Amino acid sequence: MPEQLLLLVTILIAIGFDFTNGFHDTANAIATSVSTRALSPRLAVLISSVLNLAGAIITVVFFQAKVSNTIGKIVAFKAGLVVIIAALIGAIIWNLVTWYLGLPSSSTHALVGALSGAAIAAAHGLGGVRAAEFWKTVLSLVISPPVGFLLAAIFMTVLLATFHAARPAPLNRTFRSLQILTGALVSYSHGANDAQKTMAVIALALVATGHLRKFEVPLWVVLLSASAIAFGTYAGGWRIIRTLGWRIYKLDPATGMGSQLTGAAVIQLATQFGLPVSTTHVITGSVMGAGASQRLSALRWGVGANIVTAWILTIPAAGLTAWVVYAILTTAGLQG
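Residues in the sequence shown are numbered from 11 upward in steps of one, following our numbering.
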C-alpha cells in the first residue's frame, strides 16, 4: 500500500478512535446531571459536545499540547504507521467491548496499553517502550481516581456541614442549577485532556512519514481531533451513563455537583502538568467519594469492584489486542 494512502488510513482510524472516545466518555460529563434531572439527556449531550470541542481547541492553542507530548514519548523509536494502526485498532476494540458491556473503562488506558503493546511487538521486546514515560503515565492514571475520591469526600463533608440546617427544596434547586456549570466544566476538561491523545497519535504518524521533522501538533490536527471527539460526544454512550449515574450511587443534586466540580478540578490540574488522566476514572472516583461522604453503605461496592477490574485489565488487554493486530498486519504483508 502506498505510504500516502496508508497515512490517510491511519488518520481516519485515529479519528474513529477519537469518535469512540467521545461517545464512550459522554457519561463522564452528563451522567450526574441527567440522573439528578438537572438537564434533559438531549440538552446535556449538546452542551457536552460543544464544551468538548472548546476545551480541546482552547487548551492546545493557548496552553500547548502538553498531554500530547507525554503520549508521544511512550514509544522508544520512530514508530511506523503499522505500529500506530495496530495501536489504534487495539484501543478501539477494547473501547467497543467495554461500551457493549456498559463498563466505564478508560479510553486513555486503552490507548496507552495498545500503543505500548504494538511498540513491544515491533521492537520484539520491552525496549520498544520508554519505561520512564510509560510508568509516569500509568502513575498519573492510577493516582488520579483516589485523588478525585478524597477531594469529593472532603468537599461534600464540608458542604453538608455548612448547609445541614437549610431547607432541602430550595437547596436542591440551587445545586441543580450549579450542576449545569459543573457539568460544562467536566466536558471542557474532558476535551482539554482526552482529545490530545488522538492529536499525539496523528502527530506520530506525520513524523513517521516525514511530514513533520519533529513531534508537534499542527493546528489542523487540533481542529480535526477536537471535532471528532465533539461529534462522538453528541452520539452518546447511554449504557455507561446508566452505570455512572444510577448503579454506583443514587445521586442527588448536591453530590452530583460536588463530584463534577472536584473531578473537573483534578483533570484540569493534570492537563496543566501534561499528565494524561482518565476522565472516566476520575469522575467515577469522585462520584464514589461524594457518596461515601454521606453513607458508605449506600454505595454499590459490587458495581465499583467490577469497574476497578475493568480498569486493571484495560492496559494489558488493549496491549495484547494491539500486539495481535500488529502480528496480523505484518503477516499480511502490510509495511509502513
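Note that the Cβ used here is the ideal one computed from N, Cα and C, for glycine as well. All values derive from a computational prediction rather than experimental measurement.
Problem set entry | F159 beta carbon less than 9 Å from that of G266 | No, the Cβ-Cβ distance between G266 and F159 is not below 9 Å.
Exercise. Start and end of the alpha helix (DSSP H) containing S235?
Worked result: S235 -> alpha helix (DSSP H) spans L229 to A245.
Problem set entry | Residues that V85 bridges to, as DSSP identifies them | Its beta-bridge partners are V139.
Exercise. In its own chain, which residues sit with a C-beta less than 8 Å from the C-beta of L347, not counting the 5 before and 5 after it?
Worked result: Here the chain comprises residues numbered 11 to 346, so residue 347 is not present and cannot be evaluated.
Problem set entry | Touch test, the region 261 to 277 against the region 189 to 199, Cβ-Cβ under 8 Å, three pairs minimum | Flag = yes, the region 261 to 277 and the region 189 to 199 touch.
Exercise. When you compare only the Cα positions, how much space is there between G255 and V148?
Worked result: Residue placement at G255 cannot be trusted, given a pLDDT of 47 that sits under 50; what the coordinates show is reported in the next sentence. Between the C-alpha atoms of G255 and V148 there is a straight-line separation of about 26 Å.
Exercise. Contact check, A328 vs A124 under 8 Å by CB: the rounded distance?
Worked result: Rounded, the Cβ-Cβ distance is 4 Å, consistent with contact.
Problem set entry | Close-in-space but distant-in-sequence residues of the same chain around L56 (CB under 8 Å, 5 per side omitted) | Listed in chain order, the non-local C-beta contacts of L56 below 8 Å within the same chain comprise Y244, local neighbours out to five positions each way being set aside.
Problem set entry | Inside the region 264 to 343 only - alpha helix (DSSP H) runs reaching at least 4 residues | The qualifying runs are 289 to 302 and 311 to 341.
For this session: Report the three-state DSSP secondary structure of R223 (helix, strand or coil).
Result: It is coil, neither helix nor strand.
For this session: Indicate whether the contact test is met: 3 or more Cβ pairs, each with one atom in the region 225 to 244 and one in the region 46 to 65, closer than 8 Å.
Result: Pairwise C-beta distances place the region 225 to 244 in contact with the region 46 to 65, as three or more of them are shorter than 8 Å.
Exercise. Which first and last residues belong to the alpha helix (DSSP H) in which F185 is found?
Worked result: Element bounds for F185: P178 to A218.
For this session: Please confirm whether S218 and K88 have their CB atoms less than 9 Å apart.
Result: In the sequence as presented, Ser is not what sits at residue 218; that position holds Ala. Cβ atoms of A218 and K88: closer than 9 Å.
For this session: Pick out whichever of I21, L279, Y336 and T324 has its Cα sitting closest to the Cα of L161.
Result: Out of I21, L279, Y336 and T324, L279 has the C-alpha closest to the C-alpha of L161.
For this session: Output the boundary residues of the alpha helix (DSSP H) element that contains R52.
Result: DSSP places R52 in the uninterrupted alpha helix (DSSP H) bounded by P51 to F73.
For this session: In the DSSP assignment, find the alpha helix (DSSP H) that holds L98 and state where it starts and stops.
Result: First-last of the alpha helix (DSSP H) with L98: L91 to L111.
For this session: Measure the CB-CB distance between S116 and T290 and report whether it falls below 9 Å.
Result: Contact flag set, yes.
Exercise. Can P286 and N182 be called in contact, C-beta distance under 9 Å?
Worked result: No, the Cβ-Cβ distance between P286 and N182 is not below 9 Å.
For this session: Would you give the residue range spanned by the alpha helix (DSSP H) that L125 belongs to?
Result: Run containing L125: S117 to A133, per the alpha helix (DSSP H) assignment.
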